[in-house]
Amino acid sequence: MSDFLSRINPFYKFVALLIFSLGVAATRSMWINIGVFSGSIVLLLIGAKPKRWLSGVRFLIPVALFAFSIFMGGVYFGNQSPSNFGIAKLSAVQAGLNLSTRFLAFAWLGILFSITTEPYELVKSFRINAKLPRKFAYGMLCAINLFPYIKNEYVNAKLAFQVRGIKIGFFSSKPIFSMMVNCFRWSEALSMAMQSRGFYEE
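Residue numbers (this note's numbering): 954 to 1155.
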């Protein structure tokens, strides 16, 4: 199976994504949105390995739910609808479709880029092709490598509260606050490490 999308220079891939995104943003055509969305799916199928397809499928349900909610918002709040007896006007339905398909187009362009691009290669290509200052490149790599630790810290914070018999709800801010405290400590340690490596402010 071809995997040519992963072999494209990430910087040029990012530029192409930006151009397509600006094109979608500059138009109000539902069919262009659908074309970009369909093209992103086709590119994923023919230009990525099956294991990357599974990564895309994980985003399918949340993206579809957001698109449906945006569609309903456009129907019920677009062009002063609904009309009498709760029947939406055709213009409101078109507004909802335009908004939801635009969201799908933007979402799948981003998903296509993210699941076919390695973060390290992206930063490396920006350093070489876009002349990104090394202190920014190093900082981006530090942030990327910290993501797994932040997730583990959040899980550990929730476990610590549960051990002490404190109930933690799904939207509770207590473990997030504990996680952020440690994140600030890590950021200070990383800042000192960057200075020790010669990454000074100019």
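The C-beta atom is built at its ideal place from N, Cα and C for all residues, glycine as well.
All values reported here derive from a predicted model rather than from experimental measurement.
Would you mind stating whether residue i and residue j have Cβ atoms separated by less than 8 Å?
| i | j | result |
| --- | --- | --- |
| Leu1052 | Ile1023 | yes |
| Gly1000 | Val1028 | no |
| Leu997 | Trp1006 | yes |
| Met1147 | Tyr1091 | yes |
| Gly959 | Thr1069 | Looking at the sequence provided, one finds Ser at residue 959 rather than Gly. Result yes, Cβ atoms of Ser959 and Thr1069 sit closer than 8 Å. |
| Leu1057 | Ala1083 | no |
| Trp1139 | Leu1094 | no |
| Leu970 | Phe1089 | no |
When DSSP labels each residue in this structure, what does residue i get in the three-state scheme?
| i | result |
| --- | --- |
| Thr1185 | Outside the shown range of the chain (954 to 1155) lies residue 1185, about which nothing can therefore be said. |
| Arg981 | coil |
| Lys1120 | coil |
| Ile961 | coil |
| Ser1144 | helix |
| Ile1126 | With the sequence shown as reference, residue 1126 is identified as Ser, and Ile is not the correct amino acid for it. Looking at Ser1126 - three-state DSSP - the assignment turns out to be coil, as it is neither helix nor strand. |
Against chain C, with Cβ distances strictly below 8 Å, would residue i count as a contact?
| i | result |
| --- | --- |
| Val1028 | Considering every chain present, this structure includes no chain C. It has just one protein chain. |
Which same chain residues, not among the five before or five after residue i, have their C-beta less than 7 Å away from its C-beta?
| i | result |
| --- | --- |
| Pro1072 | Ile1097 |
| Asn1135 | Glu1106 |
| Ser974 | Phe1059 and Leu1062 |
| Leu1143 | Cys1095 |
| Ser1157 | What the structure shows of the chain is the stretch from 954 to 1155, and residue 1157 is not part of that stretch, so it cannot be assessed. |
| Ile994 | Trp1061 |
| Phe1012 | Ile1064 |
| Gly1009 | Leu997, Ile1064 and Ile1068 |
| Phe957 | Gly1000 |
| Gly976 | none |
Among residues of its own chain, excluding the 5 on either side of residue i, which ones have a beta-carbon nearer than 6 Å to its beta-carbon?
| i | result |
| --- | --- |
| Ala978 | none |
| Asn986 | Thr1054, Arg1055 and Ala1058 |
Can you list, in chain order, the residues of its chain whose CB lies under 8 Å from that of residue i, leaving out five sequence neighbours each side?
| i | result |
| --- | --- |
| Lys1127 | Ala1110, Phe1114, Ile1119 and Ile1121 |
| Arg981 | Asn1051 |
message: Check whether the region 979-991 and the region 1053-1061 are in contact - that is, three or more C-beta pairs closer than 8 Å.
response: yes
query: For the 8 Å Cβ check, are there 3 or more pairs between the region 959-977 and the region 1074-1086?
result: yes
message: Can you confirm whether the region 1108-1117 touches the region 1125-1135 when touching is taken to mean that 3 or more C-beta pairs between the two stretches lie within less than 8 Å?
response: yes
Start-end ranges of the alpha helix (DSSP H) lying completely within the region 1043-1098, minimum 4 residues: 1043-1068 and 1072-1082
query: Fully enclosed by the region 986-1027, which alpha helix (DSSP H) runs are 4 residues long or longer?
result: List check, alpha helix (DSSP H) in window: 1003-1011.
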